[in-house]
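Here's the structure we're looking at; comments come further down.
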């Protein structure tokens, strides 16, 4: 039984999974920030276009 416990503690499979999960979380945060910035830029562009159309009519 002690040998099984020691084998379990020596395994590093879980550490690799945790590292991948952290990387995936960080990538998701970067994607969310990029999409937010892109959305704000597009929103501003569309607002300027709407203002030009409104002032022209």
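Residue numbers (my numbering): 10 to 66. Quick reminder that beta carbons are idealized off the backbone N, C-alpha and C, glycines included. Being a predicted model, the structure only gives us computed values, none of them experimental.
- Between residue 33 and residue 22, the alpha-carbon positions lie close to 17 Å from each other.
- In this structure, the CA atom of residue 64 is about 11 Å from the CA atom of residue 57.
- Put simply, the backbone Cα of residue 11 is about 25 Å away from that of residue 26.
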